[in-house]
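To get this note's numbering, take the position in the sequence shown, counting from 1, and add 5.
Glycine included, every Cβ here is placed at the ideal spot set by N, Cα and C.
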Amino acid sequence: MKKVKIHRLYTALLLAALIAPPMVAQERQNSRRNDNYTPTKKGTPGYYDQKVRQMFKQGDWEGGKTLLDEGLAKYQTVSGLNELMGSYWLHHKDYDKARYFLIRSLRDDNKNPQSLQMLMKIEEETKHYSSAIVYCNELLEQAPYEYTLWRKKIELFRLQGNEVEAARMLKRLGEIYPDRMEVKKEIAWDYEEKYRKYRKDGDIAGQEEMLRNLVKLSPKDAEFQMALCNLLLNSGRTGEAIDVAGYAATIVSQPYPFVEKKASILGDLSRYDEALSYLRSVQKGMPALASHRMQLARLISNLEKESANVALRNDAYTAYAKLYEREHSEEALTYLLNTSMSRGYLDDALVYIREARRRHGDTQNLLYREYTVLRRLGYTNAAINMLETIHTKWPDDVDVNNELCGIRMDDVRRMMDFGQYDEAIPMLERVREYKVDDDTHAAIERRLFTCYVKAGQRAKALHQLERISNDPLVQAGLLEEVELPFIKELMAQGRMHQAEAEIQKVLELGEPSADILRMAITTAMVLKKNNQARVLVDIGRERFPEDPYFILKDAQLKAGKGDFETALNLLKPMLDTYSGDNAVIDAYADCSEALAMKHLKEKNFDEAMRLVDDGLVYSPNNQMLILAKSMIYEAQKDWDNAIETYREYHPAMGELREYKLRMEALRRHLMKNQLLIDYQRARPSDYDGITSAGTITYTRYAKINVYSLGMTYAGRDGLIHNAANTDSIGGTGFQVTGEWQHEWNSRFTTNLTVGGANKFFPRVKVGLAGSYSLRNDWTAKGDVSYRLIGPGDKANTSLIGLGVGATKEIDHFSFGADAHAFAMMGKETDYFGGKFFVSGGLVAKCYPFDGSRTHLFLSGSVGTAPDLSVIDNTMPTKFNQLNTMLNFGGMYVVNSVLDFGLSGLWYTMTLDSSSAAKASYSKNYLYFNANVTIHF
């Protein structure tokens with residue numbers, strides 16, 4: 006009873022806390038409703054409503070009533086004013102008057118929630134609970150899901166004494182608000198009270214109903230779960246009790262009592278196997294039982310003992326064993342033999358079998374039974390010996406043949422797993438004679454074929470083909486299996502022609518495998534039969550379109566023919582799929598490098614760099630790609646990046662000298678200044694008259710421009726005899742020359758030269774030359790020039806020249822040819838005759854060291870005009886006659902700072918016989934040049 010009072014007090018306090026906010030909300034709603042009467046204007050209903058509410062709220066009930074009486078005298082039917090008067094009388098607990106005014110307020114507004122709330126309170130206070138419930142229902146019509154109203158309705162039913170309806174309302178409230186813990190607790194308390202009442206009254210059905218409700222509401226409550234289980238057990242429903250105990254064990258925090266309960270019930274029903282199985286399963290799969298290991302083990306032990314005792318008391322085997330000990334009857338022996346076999350009492354079975362053999366002899370049935378027992382006991386060798394004995398005595402028995410064959414085939418399989426093919430072959434040849442079914446016989450023949458192949462007994466393997474299948478396609482596959490090891494051995498020994506012949510035998514049968522096609526392609530490529538390899542690759546691509554090997558070889562063959570773009574398109578998709586395959590990556594890198602070098606030769610630097618960078622993504626340490634990237638930077642004259650990239654290149658031992666030379670050359674390009682010092686020494690062949698000239702030239706290198714300024718000095722004594730010869734004039738000559746070279750793009754370059762001199766050299770020299778890079782390492786050249794020339798200081802002849810030429814780079818060599826045409830205007834002399842002249846020349850250079858500018862050269866020219874180098878270098882010249890020149894020399898690069906060069910030139914001019922009175926028939930001159938170039 007005390008528990009009920011405490012519970013109801015708790016409920017009342019909870020309702021008071023929950024009702025207050027809705028009442029405040031409703032008061033605000035009423036205030037908003039009276040706003041329609043213009044509350045700011047004195048004498049209006051809204052004015053009285055607002056003022057009176059404010060006074061009531063401040064506790065001035067009498068002053069508020071006085072003002073309210075004034076308002077009601079004017080507005081008797083206004084709902085809000087009647088509501089306020091009702092609240093006044095409710096405050097003074099005059100319930101009749103309060104009820105009167107509140108009912109009047111509902112006549113004006115039958116939905117006024119504040120009036121309904123106060124009427125419900127008045128009826129509750131006056132114990133008119135039915136009326137209070139009516140008002141509560143009207144409020145619920147306005148707010149059907151208002152939790153506090155539902156609670157109030159339940160309380161009113163309880164005050165009325167209608168517990169059934171209160172319980173129904175409480176259950177309904179639990180369905181509307183399933184997450185409210187206070188509702189769940191109240192429902193549970195209600196069920197618990199009813200359960201205890203039913204238990205006191207002995208109402209089994211009522212107890213079960215309430216317990217099931219409690220279990221459904223609070224499934225983890227062990228007390229209710231156990232009470233329900235016991236109730237079901239006491240009422241004779243053991244199956245349901247077992248289910249309840251089993252379910253409770255999976256959900257409560259302390260499951261052991263329920264595990265014990267279920268196992269005990271099963272044990273009482275003599276269902277020991279089921280009980281033990283259940284206990285062992287929860288022992289492994291229920292962590293909450295860890296603290297009850299000992300109790301669980303004892304429970305299992307006890308059940309096992311009970312099970313064993315029951316089984317022993319009812320076992321016929323024990324009875325027959327006792328009978329056999331007394332009488333040794335045939336019936337007992339037969340039963341004991343059969344039962345021991347079926348139950349697995351193998352030691353007993355072996356004793357009874359041998360006793361039966363002693364009585365009845367070695368029958369096939371008894372021997373086979375002994376074999377079975379020996380095998381199950383693990384006496385493998387003894388069992389196999391017994392089976393061999395049976396097979397010897399009864400060779401036509403199918404079961405024995407199959408059993409012994411299976412054992413021998415297992416032995417063969419183990420031998421083959423360890424590679425003992427030679428040992429497996431004799432056993433298979435014996436097993437082949439067993440009388441087994443066709444499928445087993447086919448498996449023996451196939452396994453024997455495999456052993457022949459693996460043991461290298463090729464002749465026996467080929468003979469075995471006919472035993473396996475008559476199907477040509479199957480025989481082709483088996484022949485390939487025989488030939489593959491032999492072909493691999495031939496290829497490993499380098500006997501490629503013989504390997505090719507064996508491969509051809511397999512290919513002629515059709516439908517070759519991917520392995521034989523790979524060997525065929527490899528052999529064809531080693532033997533340089535690329536056309537045959539091409540056909541085989543096409544077959545591989547058709548039969549095995551997803552096999553990367555054939556795609557790779559297809560790309561390599563296309564790259565071998567120079568079709569690098571197609572090869573790259575084939576290899577690109579493979580890089581993502583086979584990202585760890587070095588063969589694919591290396592092939593892609595090689596194709597990228599080859600195509601990049603092709604674009605480099607064609608001056609397509611951006612495309613060449615893109616290809617190299619793409620290849621380095623997949624093969625970042627590929628030395629050929631690194632070298633190619635350095636060469637591209639070099640061609641772009643990006644010397645810093647060229648050097649930085651070249652440092653990442655790791656040369657082989659044989660490349661160290663070349664690597665150092667090329668690195669020196671690259672470092673030289675970082676030096677923007679150059680100073681050339683040249684000395685020339687010359688003499689005619691017919692007398693000892695030595696002349697010389699010296700030149701110093703400064704050059705400045707920019708990104709796309711090269712600027713040069715040079716000065717040449719020549720001094721001559723002149724000759725006393727034969728003074729009429731113009732080449733014997735003495736004195737001092739100076740020449741100043743300026744040159745500008747401009748690179749318009751990666752292919753086209755021009756040179757503008759301007760110079761002037763006082764003697765010996767061309768008095769005026771102006772020239773414009775250009776070169777254009779073509780494909781396949783060809784370069785086209787052209788030039789136009791003007792020179793003012795003449796003997797001594799009497800230069801009065803203009804020489805206009807036009808020339809074309811070309812050069813070709815081939816590995817370490819460079820070959821060039823040029824042709825020039827000249828037109829002369831001015832005074833004619835013995836050395837200047839005619840108007841138009843031509844000359845042609847050839848030059849060959851050899852670069853013996855990769856990456857170095859060190860070279861040797863040989864050049865020559867012939868024509869009616871001398872070579873331009875002869876004209877420009879103060880040498881005596883003759884036009885309109887045959888001029889020949891031969892020049893040989895070279896340059897040696899000492900390091901990145903210093904170059905040294907030497908050359909010798911033999912120049913001959915032949916004079917016409919009509920001028921023999923004035924000059925010799927021919928004149929020969931020998932010139933020697935030495936120069937030093939300093940870079941800084």
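Going along the chain, which residues of its own chain have a beta-carbon closer than 8 Å to the beta-carbon of residue i, five neighbours each way excluded?
i, result
"GLU663", "PRO656, PHE854, ASP855, GLY856, SER857"
"LYS665", "none"
"VAL315", "SER275, TYR277"
"TYR150", "ILE181"
"ILE556", "ARG546, LEU575, LEU576, MET579"
"GLY349", "ARG381"
"LEU532", "MET501, HIS502, GLU505"
"ILE815", "ASP782"
Within the same chain, show all residues whose beta-carbon is closer than 6 Å to that of residue i, passing over the 5 residues directly before and after it, in chain order.
i, result
"ASN730", "Only weak support is given to the placement of ASN730: the predicted model assigns it a pLDDT of 48, under 50, and the value that follows is read from those uncertain coordinates. Excluding residues within five positions, none has a Cβ falling inside 6 Å."
"GLY979", "Only positions 6 to 941 of the chain appear in this structure, which leaves residue 979 out of reach."
"LEU616", "SER597, LEU600, ALA601"
"ALA647", "SER635, TYR638, GLU639, LEU671"
"ASN41", "Because ASN41 sits at a pLDDT of 45, beneath the cut-off of 50, its placement in the model cannot be relied upon, and the following sentence gives the value as read from the coordinates. Nothing listed; no residue qualifies."
"LYS770", "GLY760, ARG792"
"ALA849", "PHE820, LEU863"
"TYR134", "LEU161, LEU164, GLN165"
"LEU891", "GLY865, TRP911"
"PRO44", "Model confidence at PRO44 stands at a pLDDT of 49, short of 50, so the residue's coordinates are unreliable and nothing is read from them."
Could you tell me which of the options sits nearest to residue i, measuring between CA atoms?
i, options, result
"GLN259", "ASP422, PRO224, ASN239", "PRO224"
"MET421", "ILE395, PHE454, ASP443, GLU408", "PHE454"
"TRP911", "LEU931, VAL899, MET896, VAL902", "LEU931"
"ALA361", "GLU335, TYR350, GLU170", "GLU335"
"SER844", "SER803, LEU233, GLN886", "GLN886"
"ALA719", "VAL249, GLY738, THR385, LEU804", "GLY738"
"LEU861", "PHE818, PRO871, HIS825, GLU375", "PHE818"
"ALA347", "ASN756, THR368, VAL378, GLY366", "According to the sequence shown, residue 347 is Ser rather than Ala. Among ASN756, THR368, VAL378, GLY366, the Cα nearest to that of SER347 belongs to VAL378."
"GLY736", "TRP745, ASN763, GLN746", "ASN763"
"TYR196", "GLY241, LYS205, ASP206, GLN212", "GLN212"
"THR571", "TYR593, PRO553, THR582", "TYR593"
"ASP273", "GLY244, HIS674, SER296", "GLY244"
"GLU612", "ILE590, GLN641, TYR623, PRO625", "GLN641"
"PHE827", "ALA811, CYS851, VAL789, GLY810", "VAL789"
"GLY461", "THR445, PHE491, LEU433", "PHE491"
"ALA698", "VAL57, ASN406, ILE682, ASN407", "ILE682"
"GLN679", "THR702, PHE765, SER690, MET658", "THR702"
"THR784", "GLY795, ALA822, TYR706", "ALA822"
Given a cut-off of 8 Å, decide if residue j and residue i are closer than it, judged by their beta-carbon atoms.
i, j, result
"GLU438", "VAL458", "no"
"GLU129", "LEU161", "yes"
"ALA137", "MET125", "yes"
"LEU237", "ALA227", "no"
"ALA429", "VAL417", "yes"
"LEU873", "HIS940", "no"
"ILE508", "THR528", "yes"
Beta-carbon within less than 7 Å of residue i's beta-carbon, same chain only, minus the 5 sequence neighbours each way: which residues are those?
i, result
"ARG276", "none"
"GLN628", "TYR654, HIS655"
"LEU154", "CYS141, LEU144, LEU145, ALA148"
"TYR100", "ILE127, GLU130, THR131"
"HIS96", "TRP66"
"SER240", "ILE209"
Based on the DSSP output, what are the partners of residue i in its beta bridges?
i, result
"TYR912", "MET890, TYR930"
"ARG686", "SER697, PHE933"
"CYS596", "Beta-bridge pairing links CYS596 to no other residue."
"TRP745", "TYR712, LEU757"
"ALA824", "VAL809, GLY845"
"LYS786", "SER776, GLY810"
"SER874", "Partner(s): none; SER874 has no beta bridge."
"THR153", "Looking at the DSSP assignment, THR153 forms no beta bridge with any residue, so it has no partner."
"ASP904", "VAL898, THR938"
Entirely within the stretch 232-274 and at least 4 residues each: give me those alpha helix (DSSP H) ranges in chain order.
243-256, 261-273
Contained beta strand (DSSP E) runs [length at least 3] in the stretch 609-667, N- to C-terminal order
none
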